[in-house]
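**Q**
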Amino acid sequence: MSAAPEVVADGAVVLFHYTLTVDGDVVDTSDGGPPLAILAGQDNIVPGLEKALMGRPVGDEFEVSVGAADGYGEVEGPGAQPLPRDAFPDDAEIAEGMAFMAGSEEEGYFTLWVTKVEGDQVFVDKNHPLAGKTLDFKVKITSMREPSPEEVAHGHVHGEGGHHH
Ligand code: ZN
72 MSAAPEVVAD GAVVLFHYTL TVDGDVVDTS DGGPPLAILA GQDNIVPGLE
122 KALMGRPVGD EFEVSVGAAD GYGEVEGPGA QPLPRDAFPD DAEIAEGMAF
172 MAGSEEEGYF TLWVTKVEGD QVFVDKNHPL AGKTLDFKVK ITSMREPSPE
222 EVAHGHVHGE GGHHH
């Protein structure tokens with residue numbers, strides 16, 4: 072068994088607490104729960120935050136402001152478009168902020184975000200809800216370890232703070 076990595080680098084499992092603030096509002100935080108676990112270098116998180124983590128030791132606390140281009144992207148396209156409610160499965164619960172996969176094998180798959188539900192119309196947008204936004208992260212790295220061979224194969228972390236499957 073190899074020693075735990077000393078600083079964040081490609082291929083390390085990194086556990087960290089974070090608070091994400093956008094336009095002065097906290098939109099996401101790991102406070103009160105387990106830290107988030109990522110496999111560094113595998114695009115598990117937005118590129119700007121991953122870049123900011125690289126080279127830092129366990130225990131490091133920092134704040135970083137990530138622009139849209141290194142976050143959830145710039146806002147593109149015509150904006151939210153209406154779809155009939157019956158384009159979705161009958162038993163699907165649909166609410167603002169939910170994400171659906173759309174597309175086909177030929178044209179490729181993409182994510183559609185529900186921006187609002189109005190009567191029998193569901194408005195969807197290809198842009199992530201935080202596209203175009205500057206992301207202000209507050210981060211504390213809590214621990215690091217080597218990934219298991221299975222985690223390397225999957226490109227993400229298993230167990231607490233990671234994927235359960
Ligand atoms: Zn997996």
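One gets my numbering by counting positions in the sequence shown from 1 and adding 71 to each.
No residue lacks a Cβ here, since even glycine has one placed at the ideal position from N, Cα and C.
Model, not experiment: these values are computed from the prediction.
Run the CB neighbour count on A158, radius 10 Å, all protein chains shown included, and call it buried at 16 or more, exposed below.
**A** For the purposes of this step, residue 158 is identified with residue 87 of the sequence shown, where counting begins at 1. Counting Cβ neighbours within 10 Å, A158 comes out exposed, since fewer than 16 surround it.
**Q** Should R156 and D191 be called a contact, given that it needs their Cβ atoms to be closer than 8 Å?
**A** The residue given as residue 156 occupies position 85 in the sequence shown. The residue given as residue 191 occupies position 120 in the sequence shown. Cβ atoms of R156 and D191: closer than 8 Å.
**Q** Which residue comes first and which comes last in the beta strand (DSSP E) that contains P118?
**A** For this step, residue 118 is matched to residue 47 along the sequence shown. Taken as a continuous stretch (DSSP letters only), P118 belongs to no beta strand (DSSP E), being part of the alpha helix (DSSP H) at P118 to L124.
**Q** With distances taken Cα to Cα, identify the nearest neighbour of S101 among S136, L91 and V79.
**A** For the purposes of this step, residue 101 is taken as residue 30 along the sequence shown, with counting starting at 1. Checked all of S136, L91 and V79; the closest Cα to S101 is L91.
**Q** Can you name the start and end residues of the beta strand (DSSP E) that N167 belongs to?
**A** Within the sequence shown, the letter at position 96 stands for residue 167. Residue identity check: residue 167 is Glu in the sequence provided, not Asn. Here E167 belongs to no beta strand (DSSP E), and DSSP marks it neither H nor E.
**Q** Below 8 Å, can you find three or more Cβ-Cβ pairs linking the region 209-225 to the region 144-155?
**A** With a cut-off of 8 Å, the region 144-155 and the region 209-225 do not count as touching, because too few Cβ pairs lie within range.
**Q** Inspect the CB distances between the region 185-201 and the region 73-80 and report whether three or more fall short of 8 Å.
**A** Verdict: no, contact absent.
**Q** Could you tell me which of A75, Y89 and D196 sits nearest to E147, measuring between CA atoms?
**A** Position 76 of the sequence shown, counted from the start, is the residue given in the question as residue 147. Among A75, Y89 and D196, the Cα nearest to that of E147 is on D196.
**Q** Suppose contacts are defined by Cβ-Cβ distances below 8 Å. Is F194 in contact with E134 by that definition?
**A** In the sequence shown, residue 194 corresponds to position 123, counting from 1. In the sequence shown, residue 134 corresponds to position 63, counting from 1. No. Outside cutoff.
**Q** Whose beta carbon lies closer than 6 Å to any heavy atom of the ligand ZN, going through the chain in order?
**A** Listed along the chain, these residues meet the criterion: H225, H227, H229, H234 and H236.
**Q** Opposite F181 in the DSSP bridges: which residues?
**A** Along the sequence shown, read from residue 1 onward, the residue named residue 181 stands at position 110. A173.
**Q** Compute the beta-carbon to beta-carbon distance between A74 and V228, rounded to the nearest angstrom, for a pair I have assumed lies under 8 Å.
**A** Looking up residue 74 in the sequence shown gives position 3. Looking up residue 228 in the sequence shown gives position 157. About 18 Å; that fails the 8 Å criterion.
**Q** Please report the residue range of the alpha helix (DSSP H) in which E224 lies.
**A** For this step, residue 224 is matched to residue 153 along the sequence shown. Position check: residue 224 holds Ala in this sequence, whereas Glu was assumed. Here the alpha helix (DSSP H) through A224 covers P220 to H225.
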